[in-house]
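Data block below; observations after.
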Ligand SMILES: [Ca+2]
Ligand SMILES: [Ca+2]
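In the working numbering, the protein residues as written are 1 to 136.
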């Protein structure tokens, strides 16, 4: 199981046993949970930069006997990219023909590859796929 403790929302922390915390909204990818008694925001699953670069969760604090009395704060978490994807060729088989009697260096073929970790690649709202690199 993967757990990562993010900073607590200290403004919402309380020692009052009648005060509880919960998720009020956001958290569309289900990455976070909020500990009911402490307000700690816990990451429930590995987060992937190539899936989403940022996620937000609304944390609410409320009185257990009067749950309609609550307030909420938005926590926005931005992911930092790491190089966790190998570069991949577009094609796994490339055929090329060359004339004999040519002197090097000369062009043989172009093989393209992507790397999802490249800036501007992958990620929700990140635009196009990873950068394409051509090898000749
Ligand atoms: Ca990579
Ligand atoms: Ca990455």
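C-beta: ideal position from N, C-alpha, C; glycine also.
If you're wondering where the values come from, they're calculated on a predicted model, not measured in any experiment.
One or two residues paired with residue i in a DSSP bridge
{"i": "residue 55", "result": "77"}
{"i": "residue 22", "result": "60"}
{"i": "residue 65", "result": "The partner list for residue 65 (beta bridge, DSSP) is empty, contrary to what the question assumes."}
C-beta contact flag for residue i and residue j at 8 Å
{"i": "residue 79", "j": "residue 57", "result": "no"}
{"i": "residue 49", "j": "residue 41", "result": "no"}
{"i": "residue 108", "j": "residue 96", "result": "yes"}
{"i": "residue 55", "j": "residue 77", "result": "yes"}
{"i": "residue 86", "j": "residue 114", "result": "no"}
{"i": "residue 37", "j": "residue 20", "result": "yes"}
{"i": "residue 69", "j": "residue 60", "result": "no"}
{"i": "residue 90", "j": "residue 112", "result": "yes"}
{"i": "residue 44", "j": "residue 28", "result": "no"}
{"i": "residue 25", "j": "residue 34", "result": "no"}
As assigned by DSSP and simplified to three states, the class of residue i
{"i": "residue 117", "result": "coil"}
{"i": "residue 142", "result": "A question about residue 142 goes unanswered here, because the residues of the chain that appear run from 1 up to 136."}
{"i": "residue 44", "result": "coil"}
{"i": "residue 111", "result": "strand"}
{"i": "residue 12", "result": "Because residue 12 carries a pLDDT of 49, less than 50, the predicted location of this residue cannot be relied on, and the following value inherits that uncertainty. Note: residue 12 maps to helix in three-state DSSP."}
{"i": "residue 70", "result": "strand"}
{"i": "residue 88", "result": "strand"}
{"i": "residue 2", "result": "In this prediction, residue 2 scores a pLDDT of 49, lower than 50, which makes its location untrustworthy; the coordinate-derived value is nonetheless stated afterwards. If DSSP states are grouped into helix, strand and coil, residue 2 belongs with coil."}
The beta strand (DSSP E) enclosing residue i, as first and last residue numbers
{"i": "residue 82", "result": "Here residue 82 belongs to no beta strand (DSSP E), and DSSP marks it neither H nor E."}
{"i": "residue 32", "result": "32-34"}
Closer than 8 Å to chain B by CB, residue i
{"i": "residue 20", "result": "Included in the structure is just one protein chain, with no chain B present."}
- Message: Please enumerate, following chain order, all residues with a beta carbon closer than 5 Å to at least one heavy atom belonging to ligand 3.
- Response: In the structure shown, ligand 3 is absent; the only ligands present are ligand 1 and ligand 2.
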